[in-house]
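**Q** Provided herewith is a single structure, encoded as structure tokens, for subsequent inquiry.
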Amino acid sequence: MNNRTLGIIGGTGWLGRAIAEALLDSGFIEPAALLISNRSGRSTLRPDVRVLADNQQLVALSDVLVLSIRPEQFRELRIDASGKQVISLMAGIPAAVISAATGAQTVVRAMPNAAVEIRQSYTPWYSTGALGDMDRQWLQQLFECVGAADEVPNEDCIDYLSALSGTGPAFPALLHQALASQAVAAGIPHDIAQRAARGVVVGGGQMLASRDPLQMIEALMAYRGVTAAALQSMSEQGIDAIVGRALQAGAEVARRGM
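In terms of my numbering, the numbers along the sequence shown are unbroken and rise by one, the last being 265.
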């Protein structure tokens with residue numbers, strides 16, 4: 008529990024709402040200490056959560072401000088957050104830009120992903136201002152309400168991780184589609200191909216939650232069977248380089264701004 012008032016601009020969007028619900032359900036914050044703003048001033052969150060249509064009013068009533076909006080919406084945002092701590096959940100908007108636009112001296116950039124919906128997000132975060140131990144612990148606990156979190160050493164890490172963990176289910180979904188489409192091309196019925204691919208991606212992901220990935224690969228390679236042949240083929244075709252180029256492409260978009 009904490010005694011800080013938290014305001015979320017965009018708190019009824021999918022990300023802001025998921026975070027708000029997790030903070031309330033976990034007991035991290037009391038409903039009376041949570042403020043939400045959107046254009047309508049209405050919400051289907053708990054009735055004791057105050058919802059405002061005026062962003063500046065929300066800023067004035069909050070100790071900590073969360074920007075849960077799209078980068079293009081930030082260009083239209085007009086607020087004075089001087090003296091406030093601002094947490095940005097936006098990709099591609101540097102902390103210096105946020106500080107200049109809002110007047111906030113302490114800006115925290117964080118990059119949760121779509122798994123906030125099931126509270127299994129991984130959220131890296133970075134602060135441009137000096138944080139005390141209590142502030143650092145508070146932020147870490149806030150992000151842990153929706154999964155795992157780490158403070159990273161510099162802002163460039165946030166831009167790179169926007170293309171890695173920030174993509175959420177995108178890479179597993181792409182792998183699923185590749186597996187399924189190749190199975191169909193090999194003559195497997197569509198519905199069976201879809202279920203088989205889902206079993207690999209979903210079931211395999213659950214196993215990785217409690218196993219070391221490298222040890223698992225080494226154990227499967229040691230059998231020198233079907234799985235080893237498939238893994239060896241992907242390795243020889245440069246899967247590490249393909250993934251590396253994909254991450255760099257995404258990171259470059261974040262670094263140059265969106």
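By construction, the Cβ of each residue, glycine as well, lies at the ideal position given by its N, Cα and C atoms.
I'd like to check one pair, Pro119 with Met97: are the Cβ atoms closer than 8 Å?
**A** By 1-based counting over the sequence shown, the position of residue 97 is 90. By 1-based counting over the sequence shown, the position of residue 119 is 112. Not a contact, by the Cβ cut-off of 8 Å.
**Q** I need the boundaries of the beta strand (DSSP E) containing Gly154, first residue and last residue.
**A** As a working note, residue 154 is residue 147 in the sequence shown. That run of the beta strand (DSSP E) goes Gly154 to Glu158.
**Q** Let's see if you can read the secondary structure: which residues bound the alpha helix (DSSP H) around Val191?
**A** Residue mapping note: residue 191 aligns to position 184 of the sequence shown, counting from 1. Element bounds for Val191: Ala177 to Ala192.
**Q** Hey, how far is the Cα of Gln208 from the Cα of Arg126?
**A** As a working note, residue 208 is residue 201 in the sequence shown. As a working note, residue 126 is residue 119 in the sequence shown. Here residue 208 is Val; the residue named in the question, Gln, does not match the sequence. Going by the C-alpha atoms only, they are around 19 Å apart.
**Q** For Gly14, which beta-bridge partners are listed by DSSP?
**A** As a first step, residue 14 is located in the sequence shown; it is residue number 7 there, counting from the start. Gly14 is bridged to Leu42 and Leu72.
**Q** Would you be able to state if there are at least three C-beta pairs under 8 Å between the segment 41-50 and the segment 59-79?
**A** yes
**Q** With a cut-off of 8 Å on the beta carbons, I'd call Leu31 and Arg11 a contact; round off their distance for me.
**A** For the purposes of this step, residue 31 is taken as residue 24 along the sequence shown, with counting starting at 1. For the purposes of this step, residue 11 is taken as residue 4 along the sequence shown, with counting starting at 1. Not confirmed; about 14 Å, so no contact.
**Q** Is it true that the CB of Ile76 sits closer than 8 Å to the CB of Leu84?
**A** For the purposes of this step, residue 84 is identified with residue 77 of the sequence shown, where counting begins at 1. For the purposes of this step, residue 76 is identified with residue 69 of the sequence shown, where counting begins at 1. In this structure, Ile76 lies closer than 8 Å to Leu84 by Cβ.
**Q** Out of Ala200, Ile100, Gly110 and Thr174, which one is the CA nearest neighbour of Asp163?
**A** For the purposes of this step, residue 163 is taken as residue 156 along the sequence shown, with counting starting at 1. Considering only alpha carbons, the answer is Ile100.
**Q** Between the beta-carbon of Leu238 and the beta-carbon of Ile224, is there less than 8 Å?
**A** Mapped onto the sequence shown, residue 238 falls at position 231. Mapped onto the sequence shown, residue 224 falls at position 217. When the beta-carbon positions are compared, Leu238 and Ile224 come within less than 8 Å of each other.
**Q** Just list the alpha helix (DSSP H) runs in the segment 93-118, keeping only unbroken ones of 4 residues or longer that don't cross its boundaries, in chain order.
**A** 102-109
**Q** Quick one: is Ala216 buried, meaning 16 or more other Cβ sit within 10 Å of its Cβ, or exposed?
**A** Working through the sequence shown from its first residue, we reach residue 216 at position 209. Answer is exposed; the Cβ neighbour count stays below 16.
**Q** If you draw a straight line from the C-alpha of Leu68 to the C-alpha of Ser89, how long is it?
**A** The sequence position of residue 68 within the sequence shown is 61, counting from 1. The sequence position of residue 89 within the sequence shown is 82, counting from 1. Roughly 13 Å separates the two Cα atoms.
**Q** Does the beta-carbon of Val233 have 16 or more other beta-carbons within 10 angstroms, so that it is buried, or is it exposed?
**A** Sequence index remark: in the sequence shown, residue 233 carries index 226 (1-based). Counting every other CB atom within 10 Å of its CB across the protein chains shown gives Val233 a total below 16, marking it as exposed.
**Q** Would you say Gly136 and Pro179 are within 8 Å of each other, going by their C-beta atoms?
**A** Within the sequence shown, residue 136 is the residue found at index 129, counting from 1. Within the sequence shown, residue 179 is the residue found at index 172, counting from 1. Contact flag unset, no.
**Q** Can you tell me whether Ile128 is buried or exposed? The criterion is at least 16 other CB atoms within 10 Å of its CB, across all chains shown.
**A** In the sequence shown, the residue the question calls residue 128 occupies position 121. For the record, residue 128 in the displayed sequence is Ser; it is not Ile. With 16 or more other Cβ atoms within 10 Å, it is buried.
**Q** What is the rounded straight-line gap between the Cα of Thr51 and the Cα of Leu149?
**A** Working through the sequence shown from its first residue, we reach residue 51 at position 44. Working through the sequence shown from its first residue, we reach residue 149 at position 142. The straight-line gap from Cα to Cα measures roughly 22 Å.
**Q** So, does the CB of Cys152 fall closer than 8 Å to a CB anywhere in chain D?
**A** In summary, chain D is missing from the structure at hand, where a single protein chain is found.
**Q** Roughly how many angstroms lie between the CA atoms of Ile16 and Phe81, to the nearest whole one?
**A** Taking the first residue of the sequence shown as 1, we reach residue 16 at position 9. Taking the first residue of the sequence shown as 1, we reach residue 81 at position 74. Each residue's Cα considered, the two are about 10 Å apart.
**Q** Report yes if the C-beta distance between Ala170 and Ala258 is below 8 Å; otherwise report no.
**A** Looking up residue 170 in the sequence shown gives position 163. Looking up residue 258 in the sequence shown gives position 251. In this structure, Ala258 lies closer than 8 Å to Ala170 by Cβ.
**Q** Would you mind working out which of Ala185, Ala229 and Thr174 sits nearest Ala256, comparing C-alpha positions?
**A** Residue numbering aside, residue 256 sits at position 249 when the sequence shown is read from its first letter. Closest by C-alpha distance to Ala256, out of Ala185, Ala229 and Thr174, is Thr174.
**Q** Leu138 to Asp70, Cα distance in whole Å?
**A** Walking along the sequence shown from the start, residue 138 turns up at place 131. Walking along the sequence shown from the start, residue 70 turns up at place 63. Going by the C-alpha atoms only, they are around 15 Å apart.
**Q** The alpha helix (DSSP H) that contains Arg252, what's its start and end?
**A** Position 245 of the sequence shown, counted from the first residue, corresponds to residue 252. It spans Ile246 to Arg263 - the alpha helix (DSSP H) in which Arg252 sits, taken as one unbroken run.
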